[in-house]
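Accompanying notes for the structure given below.
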Amino acid sequence: MKLIYRIALRLSLVLLPLIALWGALFYFTMVDEINDEADDALENYSELIIIRMLAGQEPPRINEGSNNSYSITPVDSDYAAQRPHIDYYDAEVYIPEKEETEPARVLATIFQGNDGLYYELKVATPTFEKDDLLQTILGWTIFLYFLLLITVISVTVLVFYRNLQPLYALLRWLDEYIPGRESRPVPNNTKITEFQQLNTAAQKAVDRSEALFEQQKQFIGNASHELQTPLAVLSSRMEWLLDNTELSETQMNELIEMKRTLNHTVRLNKTLLLLTKIENNQFPESTQVDLATMIREQKEIYDEIYASREIRCTLELPDAFPVQMNESLSSVLISNLLKNAYRHSSEGAMIDVRIEGRTLTISNDGEQALDTEHIFERFYKKSKQDGSTGLGLALVKAIALLYNIEVRYHYSEKRHYFTLIWP
Amino acid sequence: MKILIIEDEPSLRELMERTLTKEHYIVETAENYAQAEEKLALYNYDCILLDIMLPDGNGLHLLEELKAQDKRESVIIISARDSLEDKILGLEQGADDYLPKPFHLMELTARIRSVIRRSQGNGKKGYTLGNVYLDPESHRVEVEGQELPLLKKEFDILAYFMQRPGHLVDKAVLAEAVWGDHADQADNFHFVYAQMKNLRRKLEEAGATIEIKVVYGFGYKLAVNQ
Numbered sequence: 001m002k003l004i005y006r007i008a009l010r011l012s013l014v015l016l017p018l019i020a021l022w023g024a025l026f027y028f029t030m031v032d033e034i035n036d037e038a039d040d041a042l043e044n045y046s047e048l049i050i051i052r053m054l055a056g057q058e059p060p061r062i063n064e065g066s067n068n069s070y071s072i073t074p075v076d077s078d079y080a081a082q083r084p085h086i087d088y089y090d091a092e093v094y095i096p097e098k099e100e101t102e103p104a105r106v107l108a109t110i111f112q113g114n115d116g117l118y119y120e121l122k123v124a125t126p127t128f129e130k131d132d133l134l135q136t137i138l139g140w141t142i143f144l145y146f147l148l149l150i151t152v153i154s155v156t157v158l159v160f161y162r163n164l165q166p167l168y169a170l171l172r173w174l175d176e177y178i179p180g181r182e183s184r185p186v187p188n189n190t191k192i193t194e195f196q197q198l199n200t201a202a203q204k205a206v207d208r209s210e211a212l213f214e215q216q217k218q219f220i221g222n223a224s225h226e227l228q229t230p231l232a233v234l235s236s237r238m239e240w241l242l243d244n245t246e247l248s249e250t251q252m253n254e255l256i257e258m259k260r261t262l263n264h265t266v267r268l269n270k271t272l273l274l275l276t277k278i279e280n281n282q283f284p285e286s287t288q289v290d291l292a293t294m295i296r297e298q299k300e301i302y303d304e305i306y307a308s309r310e311i312r313c314t315l316e317l318p319d320a321f322p323v324q325m326n327e328s329l330s331s332v333l334i335s336n337l338l339k340n341a342y343r344h345s346s347e348g349a350m351i352d353v354r355i356e357g358r359t360l361t362i363s364n365d366g367e368q369a370l371d372t373e374h375i376f377e378r379f380y381k382k383s384k385q386d387g388s389t390g391l392g393l394a395l396v397k398a399i400a401l402l403y404n405i406e407v408r409y410h411y412s413e414k415r416h417y418f419t420l421i422w423p
Numbered sequence: 001m002k003i004l005i006i007e008d009e010p011s012l013r014e015l016m017e018r019t020l021t022k023e024h025y026i027v028e029t030a031e032n033y034a035q036a037e038e039k040l041a042l043y044n045y046d047c048i049l050l051d052i053m054l055p056d057g058n059g060l061h062l063l064e065e066l067k068a069q070d071k072r073e074s075v076i077i078i079s080a081r082d083s084l085e086d087k088i089l090g091l092e093q094g095a096d097d098y099l100p101k102p103f104h105l106m107e108l109t110a111r112i113r114s115v116i117r118r119s120q121g122n123g124k125k126g127y128t129l130g131n132v133y134l135d136p137e138s139h140r141v142e143v144e145g146q147e148l149p150l151l152k153k154e155f156d157i158l159a160y161f162m163q164r165p166g167h168l169v170d171k172a173v174l175a176e177a178v179w180g181d182h183a184d185q186a187d188n189f190h191f192v193y194a195q196m197k198n199l200r201r202k203l204e205e206a207g208a209t210i211e212i213k214v215v216y217g218f219g220y221k222l223a224v225n226q
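First to last, the protein sequences are chains A and B.
In this text, residue positions in the first sequence follow the numbering used here: the first is 1, and each later residue adds one.
In this text, residue positions in the second sequence follow the numbering used here: the first is 1, and each later residue adds one.
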C-alpha cells in the first residue's frame with residue numbers, strides 16, 4: 001500500500017466520526033433552540049388566555065390568523081394532582097383550516113378557575129417537521145464530510161508530494177541501482193535535514209556494499225587465477241604418468257578417473273574466471289550474431305551427444321535472429337540453456353525451442369518445478385549430477401545482465417520454461 | 001629440433017622438458033626473463049615456448065625483441081591469463097600460437113609439431129603416418145594415395161589422433177576436443193563410440209596401416225601397424 005493511500009484512508013476514517021458527532025450535536029442544539037423559542041411564545045399565549053379567563057373576559061378567538069390553537073377542558077382534581085401543572089411536549093395536532101395534522105409544540109397548563117374547578121389549557125403552535133430537519137442536516141453533514149475530505153486529502157496529497165520529492169528521487173535511484181555496475185551518486189539536492197541524512201546513509205551503505213562486492217569479485221578472480229598453474233602441473237603429471245609408465249589396468253583406470261575429476265576442477269575454475277570477466281565487463285567487442293543459426297547448429301551437436309536418450313527437440317525459429325553481442329558469450333548463453341534442457345531431460349522427452357518476436361523460449365519436460373528464487377545463483381544444484389559445475393545458469397544470468405536481456409523461469413504443466421527477452 | 005622453454009613455474013618447466021625430451025627434441029630451459037634474453041641472444045631455436053607472465057618482465061617484450069632481431073623462431077605463448085586481448089596482442093606481435101593454461105601435454109606436443117611443420121613449409125602441409133596422409137587445411141585424407149571420404153566428425157577425430165600418435169587419449173578428452181564444451185557434461189560416450197566405429201571401419205576397409213586401438217574401457221591410442 002502506498003503511503004499516500006494509507007494517509008488518505010486514515011484521514012477519512014478520522015473525519016467520519018468527527019463529522020458525525022458534529023452533525024448530531026448540531027441537530028440537538030438546533031432542536032433545542034427552536035423548542036425554546038416556541039415554548040416562550042406558548043407560555044405568553046397561555047398566560048394571556050388564563051388571565052383573560054380568570055378576569056372573566058371573553059377568551060380570544062380560536063384562530064387569530066395564526067395557526068395557534070387552544071382548548072380548555074375541565075379536569076377532576078385527581079387528574080390535576082397527578083399531572084404536572086406545566087408540561088411542554090411535541091404532538092401531532094389537527095389543523096382544521098388545512099384539514100391535516102401537523103407536528104406541533106404543545107403546552108398543557110392545569111389551572112384552577114374562579115369557580116374552584118380545575119381546567120386544563122392546551123395551547124399548540126405548529127412547529128417544524130423534525131424528520132425534515134433531520135434529513136436536511138444529515139444531507140448537509142454528508143456533503144460537508146465529502147467536501148472536507150476532498151479538501152483535506154487534496155491539500156495533503158499536494159503537500160505530501162511536494163515535500164517527499166527527495167524521498168522519491170532516492171527510491172528511483174535505488175530502483176536503478178545494480179550492484180557492481182557503474183552508477184551515478186545518490187541524488188542529494190534537498191535542504192531538509194532528515195532527507196539529507198537519509199541520502200547520506202544510503203550513499204554510505206551503497207559505497208560499503210560496492211567495496212565488498214569489488215573485493216569479493218577480485219578474490220574469486222585471483223583465486224581462480226592462482227589455481228591455474230598448479231592445476232596445469234597436476235594434470236600434466238598425470239598425463240605423463242599415463243603415457244610413459246607401465247601401468248596395470250586398475251592403476252590406469254584410477255588415474256583416468258583422477259584426471260577426469262581434475263578436468264572437472266579445471267572447468268569449474270575456468271567458468272569462475274569467465275564469470276568474473278563477464279562481471280568485470282571484459283568482453284567489450286560485440287558483433288551481429290545470428291542466434292537462430294547458432295541454435296540450429298548447437299541442436300545438431302546435442303542431438304548427437306544425447307542420441308541415446310532419444311530426445312525430440314523441435315525448433316520454431318525465424319530464418320535469422322540477429323542480436324548485437326559478443327560472439328563467444330552468445331554461444332555460452334545458448335549452449336548453457338540448451339545443454340541444461342538436454343541434460344535434465346529423461347528418455348523420449350520433448351524439448352521445444354522457439355523465437356517469437358524478440359523472445360527466446362526453451363522448454364523441456366520436468367517432473368518438478370525448480371526453485372525460482374535460487375536457480376540463477378552460483379553453485380545451486382538440485383541434484384549431485386556428475387560433471388555439473390552448478391554455474392551454468394549463473395553464467396546465463398551474468399550474460400543477460402550484461403546485455404540487458406530479461407531472463408525468466410517458470411514451470412507449468414510439467415514443463416520447465418526458460419525465457420530470454422531482448423530489449 | 002631445438003626448443004627453448006621459458007617458464008617460471010619449476011614443476012611445470014621440468015615436466016615440459018621431460019615430455020619434449022622424450023619426443024626427441026633438444027630442450028633448453030629458462031626460468032626468467034633475463035635468462036631467456038641471454039639464451040636467445042646466444043643461440044637459435046626452432047621453437048620457443050613462452051610464458052608471458054614472468055617474475056622479472058613481460059614475455060611479450062621478448063617477442064618484440066625477437067622481431068627486432070629479425071629472428072625467425074616459432075613462438076607459442078603459454079599463459080595463465082586466458083584473455084582474448086593477450087591472445088590477440090601476442091599473435092599480433094608475431095607469436096605462432098597461443099596455449100592457455102592449464103593445457104594437456106599432448107596438446108603442447110601437437111601444437112609444437114604443427115607450428116614447426118608450418119614454419120618449415122616444405123612439400124606437403126599435412127600429417128603423414130603409415131600410409132595415411134591427412135591435410136587439415138583442405139580436409140582431405142588419403143590412404144595409399146587414394147582419397148578416403150570421411151564425415152566431418154570422423155575427420156576431426158582422425159586429425160586429433162594423427163597429431164598425437166602413440167598417446168593414450170581419454171574418451172572424455174577426445175569428446176571435448178571434437179564436440180567442444182557441449183560434450184563436457186555428457187553422461188555417456190555412445191556418441192564418441194558411434195563415430196569411432198565408423199572411422200575404424202573406414203580405415204580398415206581402405207587398407208590403412210594405422211589403427212585406432214581401444215585401450216581398456218576408457219581411451220584410444222593411434223598405432224602404426226608394422
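Just so you know, even glycine gets a beta-carbon here, dropped at the ideal spot from N, CA and C.
Exercise. If the cut is a Cβ gap below 9 Å, which residues of chain B does R343(A) touch?
Worked result: If you number the first sequence from 1, residue 343(A) lands on position 343. In chain order: Q185, A186 and D187.
Exercise. Which residues in the same chain as I86(A) place their Cβ atom closer than 6 Å to its Cβ, once the five residues preceding and following it in sequence are excluded?
Worked result: Residue numbering aside, residue 86(A) sits at position 86 when the first sequence is read from its first letter. Same-chain partners within the cutoff: T109.
For this session: Jot down the residue ranges of each uninterrupted beta strand (DSSP E) in the stretch 248-310 of chain A, minimum 3 residues, whole runs only, in chain order.
Result: 287-290
Exercise. Helix, strand or coil: which one does DSSP assign to R18(B)?
Worked result: As a working mapping, residue 18(B) is identified with position 18 in the second sequence. Three-state DSSP puts R18(B) in a helix.
Exercise. Helix, strand or coil: which one does DSSP assign to N44(A)?
Worked result: Here the question's residue 44(A) lines up with position 44 in the first sequence. The answer is helix: DSSP assigns N44(A) an H, G or I state.
For this session: Leaving out five residues on either side along the sequence, give the residues of the same chain with a beta carbon under 6 Å from the beta carbon of Y127(B).
Result: For the purposes of this step, residue 127(B) is taken as the residue at position 127 of the second sequence. Excluding positions up to five away in sequence, the list reads L134 and M162.
Exercise. Which value, in whole angstroms, describes the spacing of the CA atoms of L16(A) and Y145(A)?
Worked result: Position 16 of the first sequence holds residue 16(A). Position 145 of the first sequence holds residue 145(A). For L16(A) and Y145(A), the distance between alpha carbons rounds to 7 Å.
For this session: Can you pull the chain A residues whose beta carbon is under 9 Å from the beta carbon of G219(B), in chain order?
Result: What you label residue 219(B) is simply residue 219 of the second sequence in a count that begins at 1. By Cβ distance, chain A contributes L242, M252 and I256.
Exercise. To which residues does DSSP link Y219(B) through a beta bridge?
Worked result: Here residue 219(B) is taken as the residue at index 219 of the second sequence, counted from 1. Note on residue identity: the sequence assigns Gly, not Tyr, to residue 219(B). BP columns for G219(B) point to D170(B) and V215(B).
Problem set entry | Of the residues A68(B), E205(B) and M53(B), the one placed nearest P100(B), counting alpha carbons only | Sequence index remark: in the second sequence, residue 100(B) carries index 100 (1-based). Nearest of A68(B), E205(B) and M53(B) to P100(B), Cα basis: M53(B).
Exercise. Leaving out the 5 sequence neighbours to the left and right, which residues in its chain are closer than 8 Å to T276(A) when beta-carbon positions are compared?
Worked result: As a first step, residue 276(A) is located in the first sequence; it is residue number 276 there, counting from the start. Here the set comprises K217, I220, G221 and S224.
For this session: Go ahead and pull the three-state DSSP assignment for V27(B).
Result: Taking the first residue of the second sequence as 1, we reach residue 27(B) at position 27. If DSSP states are grouped into helix, strand and coil, V27(B) belongs with the strands.
Exercise. Taking C-beta to C-beta, are L20(B) and A36(B) nearer than 7 Å?
Worked result: As a working mapping, residue 20(B) is identified with position 20 in the second sequence. As a working mapping, residue 36(B) is identified with position 36 in the second sequence. Contact: no.
Exercise. Where L158(B) and N188(B) are concerned, what is the direct C-alpha to C-alpha distance, given to the nearest angstrom?
Worked result: In the second sequence, residue 158(B) corresponds to position 158, counting from 1. In the second sequence, residue 188(B) corresponds to position 188, counting from 1. Approximately 21 Å between the Cα atoms of the pair.
Exercise. Is the Cβ of P102(B) closer than 7 Å to any Cβ of chain A?
Worked result: Taking the first residue of the second sequence as position 1, residue 102(B) is located at position 102. So, interface residue.
For this session: Taking I137(A) and F26(A) to be in contact with their CB atoms under 8 Å, please state how far apart those CB atoms are, rounded to whole angstroms.
Result: As a position in the first sequence, residue 137(A) is number 137, starting the count at 1. As a position in the first sequence, residue 26(A) is number 26, starting the count at 1. Indeed, because the Cβ distance is near 6 Å, the residues count as touching under 8 Å.
For this session: Could you tell me how far apart the beta carbons of Y79(A) and I49(A) are, in whole angstroms, since I believe they sit closer than 8 Å?
Result: As a first step, residue 79(A) is located in the first sequence; it is residue number 79 there, counting from the start. As a first step, residue 49(A) is located in the first sequence; it is residue number 49 there, counting from the start. About 19 Å separates the two Cβ atoms, so there is no contact after all.
Exercise. How about I305(A): is its C-beta nearer than 7 Å to some C-beta of chain B?
Worked result: As a first step, residue 305(A) must be located in the first sequence, where it is residue number 305. Cβ-Cβ to chain B under 7 Å: yes for I305(A).
Problem set entry | Beta-carbon proximity list for F457(A), same chain, < 6 Å, skipping 5 on both sides | The shown model of chain A, from 1 to 423, leaves out residue 457(A), and the question about it has no answer.
For this session: Report yes if the C-beta distance between E327(A) and V289(A) is below 7 Å; otherwise report no.
Result: Here the question's residue 327(A) lines up with position 327 in the first sequence. Here the question's residue 289(A) lines up with position 289 in the first sequence. Against a cut-off of 7 Å, the Cβ pair of V289(A) and E327(A) comes out as a contact.
Exercise. Can you name, in chain order, every residue of its own chain whose Cβ lies under 7 Å from the Cβ of Y160(B), other than the five neighbours on each side?
Worked result: The sequence position of residue 160(B) within the second sequence is 160, counting from 1. L174, A177 and V178, listed in sequence order.
Exercise. Is S236(A) buried or exposed, if buried means 16 or more other CB atoms sit within 10 Å of its CB?
Worked result: What you label residue 236(A) is simply residue 236 of the first sequence in a count that begins at 1. Answer is buried; the Cβ neighbour count reaches 16.
For this session: Kindly list the residues whose CB is nearer than 7 Å to the CB of L333(A), restricted to its own chain and excluding five residues on each side of it in sequence; keep chain order.
Result: Position 333 of the first sequence, counting from 1, holds the residue named residue 333(A). Cβ within range, chain order: V396 and I399.
Problem set entry | Closest Cα partner of P102(B) within the set L149(A), R343(A), E239(A) and E37(A) | The count along the second sequence starts at 1 and reaches residue 102(B) at position 102. Of the candidates L149(A), R343(A), E239(A) and E37(A), the one whose C-alpha sits nearest the C-alpha of P102(B) is E239(A).
Exercise. L54(A) to D39(A), Cα distance in whole Å?
Worked result: Here the question's residue 54(A) lines up with position 54 in the first sequence. Here the question's residue 39(A) lines up with position 39 in the first sequence. The alpha-carbon atoms of L54(A) and D39(A) are separated by roughly 22 Å.
Exercise. What does T229(A) reach in chain B if we use C-beta pairs closer than 7 Å?
Worked result: Against the first sequence, residue 229(A) aligns to sequence position 229. What T229(A) touches in chain B: E9, L12, A80 and K101.
For this session: Please compile the residues from chain A whose C-beta is within a distance smaller than 8 Å of the C-beta of A172(B).
Result: As a working note, residue 172(B) is residue 172 in the second sequence. Here the neighbours are R260 and N263.
Exercise. Would G59(B) be called buried (16 or more neighbouring beta carbons within 10 Å of its own) or exposed?
Worked result: Against the second sequence, residue 59(B) aligns to sequence position 59. Answer is buried; the Cβ neighbour count reaches 16.
Problem set entry | Local Cβ density within 10 Å of E7(B), reported as buried at 16 or more and exposed below that | Walking along the second sequence from the start, residue 7(B) turns up at place 7. Buried is the call here.
Exercise. Do the CB positions of M325(A) and S286(A) come within less than 7 Å of each other?
Worked result: Taking the first sequence and counting its residues from 1, one reaches residue 325(A) at position 325. Taking the first sequence and counting its residues from 1, one reaches residue 286(A) at position 286. Yes. Within cutoff.
Exercise. Considering only C-alpha positions, which residue in the set D51(B), I26(B), H139(B) and A206(B) is nearest to Y43(B)?
Worked result: Start at 1 with the first residue of the second sequence, and residue 43(B) comes out as number 43. The shortest C-alpha separation from Y43(B) is found at I26(B).
For this session: Return no unless some Cβ of chain A is closer than 7 Å to the Cβ of H61(B).
Result: What you label residue 61(B) is simply residue 61 of the second sequence in a count that begins at 1. False, the Cβ-Cβ gap to chain A never drops below 7 Å.
Exercise. Helix, strand or coil: which one does DSSP assign to P166(A)?
Worked result: Against the first sequence, residue 166(A) aligns to sequence position 166. Note: P166(A) maps to helix in three-state DSSP.
Exercise. Would the beta-carbon of L60(B) be found less than 6 Å away from any heavy atom of the ligand FAD?
Worked result: Absent from the structure shown: the ligand FAD. Ligands present: none.
Exercise. By the 10 Å Cβ neighbour count, where 16 or more other Cβ atoms means buried, how is S46(A) classified, buried or exposed?
Worked result: Taking the first sequence and counting its residues from 1, the one referred to as residue 46(A) is at position 46. Flag for S46(A) reads buried.
Exercise. Are L391(A) and T271(A) close, meaning C-beta to C-beta below 7 Å?
Worked result: Walking along the first sequence from the start, residue 391(A) turns up at place 391. Walking along the first sequence from the start, residue 271(A) turns up at place 271. The answer is yes: Cβ separation under 7 Å.
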